[in-house]
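Reviewing the structure listed below.
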Amino acid sequence: MSAQSRIPVSSDLSTRFRAIMKSRSIRGLKVSIKNEELVIDDVVEATSDPKSDFEKIQLLLDRSKPCYLLLNISTDEAMSNNVKVSSPADEDSEGNNTKWINVMFVPDSAAVRDKMLYSSSRYSIVNLVGSSSHKSGMFVTDPSELKYSEIEKFIKSSSQEPERETENNEVFVTSEAIGISERRTNISNLEVELSSEAKDALHSLHVGKKRLVLLKLNDKTQEIELDSSFQDPYDNGESDSNSVIEKCFVKDEPRFGYFLYKYESGNNLAVTSLSGIEEHCYQVPVFIYCCPDKSNIKLKMVYSTTKLSVLNIVHSEVGLVEKLRIEVNDPSDLTVNLILTKLNSLKISSTANSNASSSIISSVYNIDENPNINKPSLGKNNKFSKPTPPARRR
């Protein structure tokens with residue numbers, strides 16, 4: 435299943451909805467995500483004409499922005515038989531029969547990041563309504579799907595579904611909202627483009643002319659752009675070289691980065707067992723994904739799902755193959771000591787050219803000064819023997 439966001443229900447929505455659940459005076463609620471919380475965006479009062487009520491609900495929808503709708507259908511019989519909505523005087527006796535349809539409206543023209551955000555936040559709405567008052571869930575992409583006649587059809591079909599099938603449909607709505615097939619319920623990556631400036635900077639890093647390249651995502655064009663680049667971040671006069679990389683990353687937005695480790699005699703970046711990492715290798719490209727905790731939730735989700743696409747497009751269009759991947763939630767963690775620790779814990783099997791070769795990386799393997807220690811060897815005349823059969827029972 436796709437990952438769930440941590441967007442909370444606002445206190446206003448929670449308080450007002452508890453009161454609304456005891457009443458039939460409301461036909462529908464429009465709920466949107468604003469300031470990283472779920473809030474009531476609009477309300478449609480219930481009348482004696484449900485058809486007119488649902489026409490008003492359709493007018494609330496923006497064809498470019500997703501939202502949630504909570505539709506009060508009272509009881510199945512009232513909707514299916516076009517029974518007049520109960521009056522406020524009947525609320526005390528019939529309030530407990532109030533049923534709601536949880537609708538997620540995601541138009542096809544909506545931005546991908548909005549589709550993902552609303553899809554991953556949907557179960558906050560389900561939890562708000564509760565199982566006892568939750569009739570079923572709908573996923574719609576066009577306002578016309580919320581006509582009174584369509585709601586009647588949905589109620590009729592959902593009342594005939596087995597309970598287990600209804601649960602499965604709840605899960606499928608999440609995957610359908612972000613445009614993937616029924617057999618897949620998550621997103622592994624998004625297709626992105628690499629700007630010419632970013633490509634040139636990465637190529638310069640690839641050939642050793644730059645040491646650090648930072649990339650950012652343009653969420654409107656889905657393009658990876660160059661944020662900044664440094665020929666050598668250690669030539670800026672900083673007294674504390676251990677924290678130089680940290681100061682290149684912003685503290686309130688995610689960023690992708692490529693850092694080129696260079697081994698030089700007497701350098702502060704000396705790896706204690708470089709010969710164990712890769713023979714004659716003096717340049718090691720490191721991929722960095724920094725996602726600060728204080729970042730916007732939308733950006734967190736989009737950067738997370740584009741990470742693999744960034745790696746793939748850099749591999750294919752620039753030819754840059756990272757030897758190490760580092761992910762942190764705080765830029766202050768990006769110290770030289772962290773990179774050296776990671777590099778010294780790698781086992782890499784590749785050719786001498788680190789940028790162009792492929793590698794097998796294991797972060798839990800400790801490198802020894804002598805790479806031949808503890809490695810089994812076969813003499814010229816030695817052969818593999820057959821495994822010994824198990825002993826027979828007596």
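FYI, the numbering for the sequence shown is 435 to 828, going by the numbering used here. Beta carbons are placed, not taken as given, at the ideal position from N, Cα and C, and that holds for glycine.
**Q.** Span of the beta strand (DSSP E), counted from its first residue to its last, around residue 683
**A.** Unbroken run through residue 683: none, as it is neither H nor E.
Q | Sufficient close CB pairs (3 or more, under 8 angstroms) joining the region 678-698 to the region 657-667 | A | yes
Q) Taking Cβ positions, are residue 719 and residue 756 nearer each other than 7 angstroms? A) yes
Q. Roughly how many angstroms separate the alpha carbons of residue 487 and residue 478, rounded to a whole number?
A. 7 angstroms
Q: Evaluate residue 753 with the Cβ neighbour count: other Cβ atoms within 10 Å of its Cβ, from every protein chain shown; 16 or more gives buried, anything less gives exposed.
A: exposed
Q) Mapping DSSP to helix, strand and coil, what is residue 717? A) strand
**Q.** Nonlocal neighbours in the same chain, by C-beta distance under 8 angstroms from residue 578, ignoring five residues either side
**A.** 492, 584
Q.
Buried or exposed for residue 642, going by 16 or more other Cβ atoms inside 10 Å?
A. exposed
Q: Taking residue 558 and residue 472 to be in contact with their CB atoms under 8 angstroms, please state how far apart those CB atoms are, rounded to whole angstroms.
A: 6 angstroms
Q: Determine the burial state of residue 749: buried for a count of at least 16 other Cβ atoms within 10 Å of its Cβ, exposed for fewer.
A: exposed
Q) When you compare only the Cα positions, how much space is there between residue 662 and residue 649? A) 7 angstroms
Q) DSSP puts residue 506 in a beta bridge; with which residues? A) 534
Q.
Quick check: what's the CA-CA separation for residue 495 versus residue 446?
A. 21 angstroms
Q.
For a quick check, are the C-beta atoms of residue 626 and residue 636 less than 7 angstroms apart?
A. no
Q: Could you spell out the range, first to last residue, of the beta strand (DSSP E) harbouring residue 689?
A: 689-696
Q: Check residue 763 in the structure and name its three-state DSSP category.
A: coil
Q: Report all residues from its chain with a CB closer than 6 angstroms to the CB of residue 485; omit the five preceding and five following residues, and keep chain order.
A: 582
Q. By a C-beta neighbour count over all protein chains shown, 10 Å radius and 16 as the cutoff for buried, is residue 482 buried or exposed?
A. exposed
Q: Assign residue 700 to one of two classes, buried (16 or more other C-beta atoms within 10 Å of its C-beta) or exposed (fewer than that).
A: With a pLDDT of 47 at residue 700, under the threshold of 50, the modelled position of that residue is not reliable, and the figure given next carries that caveat. Exposed is the call here.
Q. Should residue 449 be labelled buried (16 or more other beta-carbon atoms within 10 Å of its own) or exposed?
A. exposed
Q) For residue 722 versus residue 747, is the C-beta distance shorter than 7 angstroms? A) no
Q. What does a CB cutoff of less than 7 angstroms around residue 825 pick up in its chain, not counting 5 residues either side in sequence?
A. none
Q: Leaving aside the five residues before and after residue 461 along the sequence, list all residues of the same chain whose C-beta is less than 6 angstroms from its C-beta, in chain order.
A: 478, 480, 487, 506
Q) Nearest to residue 736 by alpha carbon, out of 537, 548, 770? A) 548
Q.
Taking DSSP's pairing of strands, which residues face residue 751 in a bridge?
A. According to DSSP, residue 751 bridges with nothing at all.
Q: With a threshold of 16 other CB atoms inside 10 Å of the CB of residue 379, please say whether the residue is buried or exposed.
A: Here the chain has residues from 435 to 828 only, and residue 379 is not among them.
**Q.** One or two residues paired with residue 724 in a DSSP bridge
**A.** 689, 762
(Q) Taking 7 angstroms as the threshold (C-beta atoms), are residue 766 and residue 680 in contact? (A) yes
Q) Just to confirm, are residue 503 and residue 464 a CB contact at a threshold of 7 angstroms? A) yes
**Q.** Run of the beta strand (DSSP E) containing residue 499, from where it starts to where it stops
**A.** It is not in any beta strand (DSSP E) - residue 499 carries neither H nor E in the DSSP assignment.
Q: Rounded to whole angstroms, what's the CA-CA distance from residue 632 to residue 740? Just pull it up for me.
A: 16 angstroms
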